[in-house]
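Numbering (full-length UniProt numbering), first residue to last: 1 to 167. Worksheet: one structure, shown below.
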Amino acid sequence: EGVKKGRKADSKRVMFRKDPTGWMEKRLNSDKPLRGSIEWRMQRRQAYSEAAKRRVATQSLREALSSVGLERYAIALADAGCEGVATVKEMGRDELMDVGIKEGDVDALIECAASEVVEQAKREVEEMARKKDRHRGYMKEYREKNRQEKARANAEAKSGLASSTAT
């Protein structure tokens with residue numbers, strides 16, 4: 001017959017009436033969080049967000065490296081923790097070799113990263129200028145509309161005064 005239910009053996013372990021395979025004891029002593037618990041959810045969320053970041057990084061790296069024909073290294077670089085081409089530029093030759101990039105491709109990769117960073121900066125500047133122009137256009141329209149409304153209000157007020165003095 002088994003041990004009485006609820007009798008505590010050591011600090012964590014609770015003896016159950018029958019646990020011949022020992023799975024319950026193993027479960028209670030493991031460091032893995034219980035499914036559905038807060039810690040478990042936190043771990044899942046973190047894993048998902050990291051995977052999503054890696055996917056985005058892989059995509060951007062693949063686009064950037066396709067011009068040189070080195071897109072096959074995009075996944076390896078993303079797994080190594082590169083978020084984009086800028087981080088590739090900051091990595092040294094040795095680090096790139098450790099990731100698993102062949103010696104002949106390292107120089108091409110570094111060159112491509114440098115040119116891509118410059119291109120990206122240009123694109124950002126253009127985007128900012130475009131946004132500024134758009135804002136300027138909105139402001140112009142807004143001021144013009146205000147001016148017209150004021151003029152109309154003044155005209156109405158004047159005509160109202162003129163008609164009141166005439167009577």
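We put the CB at the ideal spot given by N, CA and C, even for glycine.
- The C-alpha of Ile110 is placed about 6 Å away from the C-alpha of Lys89.
- Every alpha helix (DSSP H) of 4 residues or more that sits fully in the region 61-126 is shown, in chain order, as 74-79, 85-90 and 93-99.
- In the displayed model, Lys32 falls within coil according to three-state DSSP, outside both helix and strand.
- In the three-state reduction of the DSSP assignment, Ser37 falls in the coil class.
- Rounded to the nearest whole angstrom, the C-alpha separation of Gly100 and Ala74 is 11 Å.
- The region 68-85 and the region 109-123 touch, with three or more beta-carbon pairs separated by less than 8 Å.
- When the beta-carbon positions are compared, Glu116 and Ala64 come within less than 8 Å of each other.
- Ser60 is positioned such that its CB atom lies no closer than 8 Å to that of Gly81.
- If you check the CB distance, Pro33 and Gln46 do not come in under 8 Å.
- Residues of the same chain with a CB within less than 7 Å of the CB of Val68, apart from the 5 flanking positions on each side, are Ala108 and Cys112 in chain order.
- Counting other Cβ atoms within 10 Å of its Cβ, Met128 stays below 16 and is therefore classed as exposed.
- Using a Cβ distance threshold of 8 Å, Asp105 and Leu70 count as a contacting pair.
- With distances taken between CA atoms, Ala86 lies nearest to Ala114 out of Lys145, Ala114 and Lys140.
- A buried status is given to Leu96, since no fewer than 16 other beta-carbon atoms sit within 10 Å of its beta-carbon.
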